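Residue 644 is where the sequence shown starts when you use the working numbering, and the numbers rise one by one after that.
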Amino acid sequence: MREEKVIVLDYLPQGYAGMKKMEPIIQGLGVNYFALLELVATKEVKLNEEVKINDKEKVIYIRRKLKESELTNFAKSHLEETIKKIVKSKEEEFIKFFNTSTRISIRMHKLELLPSIGKKHVGLILSERKKPFESFDDLKKRVGITVEIEQMLAKRIIEELKGEEKYYLFVPHFPTPTAPRR
């Protein structure tokens with residue numbers, strides 16, 4: 644599971660204030676797995692530009708993986724719009740999620756983890772998906788969801804990026820190691 648491309652959320656030409664070594668920093672969102680990454684840049688990049696990580700003309704190396712709380716305020720303000728753009732471009736994959744999602748437990752379905760989807764909508768989605776959904780518009784029309792599906796999915800992805808969820812649907816979760824018990 645490796646990100647190959649990131650969308651630039653913020654570009655800091657001098658790096659962070661107080662850094663020992665001044666190097667240009669890119670804060671980016673991975674296109675495939677929604678990983679938040681901090682990259683060291685070789686030359687200036689534009690906001691919302693899609694950058695290949697192995698492109699040595701623009702990126703020297705990946706510095707580290709970021710948490711949502713470590714993003715700059717500017718990057719946080721562009722995060723939801725950027726996620727919506729990625730969701731729209733990967734509509735087929737997300738429709739497949741709606742068509743094939745299963746239960747998490749006896750009482751809970753994966754669809755219930757999405758904001759604005761309750762038990763009634765889950766029941767409607769499950770009964771309507773006997774004929775698979777073809778697009779977000781088809782899903783909205785047949786089920787009667789009033790919110791924008793891209794925005795609903797973007798909100799869920801942001802919650803997962805914060806790293807405090809019990810279940811992860813779209814963002815691979817790598818727990819931070821805990822201190823050993825004594």
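Every residue, glycine too, gets a C-beta built ideally from N, C-alpha and C.
What you are looking at is a predicted structure, and each value in this text was computed from that prediction instead of being measured.
Ignore the nearest five residues each way along the sequence and tell me which others in residue i's own chain have a CB closer than 8 Å to its CB.
i	result
E734	S778, F779
E646	G673, V674, N675, Y676, A678, L680, I696
E793	K727, V730, K731, F779
G658	K664, M665, E666, P667, I668
F776	I738, F741, N742, L782, R785
Closest by CA to residue i, which one among the options?
i	options	result
Y704	V765, P775, P667, L756	P667
L769	F717, T743, P758	T743
I788	A797, G761, E808	G761
F741	V649, K783, L652	K783
R706	E693, T685, E692	T685
Which value, in whole angstroms, describes the spacing of the CA atoms of residue i and residue j?
i	j	result
R825	I747	Residue placement at R825 is poorly supported in this model, since its pLDDT is 46, which falls under 50; the coordinates are not used for a value here.
F717	V790	26 Å
V786	P656	47 Å
R750	A660	49 Å
G766	L756	14 Å
K719	K710	11 Å
Y811	E803	6 Å
E687	K701	8 Å
M795	E713	23 Å
F813	F737	9 Å
I800	M662	30 Å
D653	L690	6 Å
V651	V683	12 Å
Just verifying my parser: in three-state terms, what is the DSSP assignment at residue i?
i	result
L714	coil
K648	strand
A660	coil
Give every residue of the same chain whose Cβ lies closer than 7 Å to the Cβ of residue i, excluding the five residues on either side of it in the sequence, and list them in chain order.
i	result
A797	E723, I726, K727, V730
Only counting runs of 4 or more residues, tell me where the alpha helix (DSSP H) segments fall wholly within the stretch 745-821, in order along the chain. Taken in chain order, the unbroken stretches of alpha helix (DSSP H) that lie wholly in the stretch 745-821 and span 4 residues or more are 762-771, 779-786, 792-805.
At which residue ranges does the stretch 673-709 contain complete beta strand (DSSP E) runs of 3 or more residues, listed in the order of the chain? Correct list: 679-684, 693-695, 702-708.
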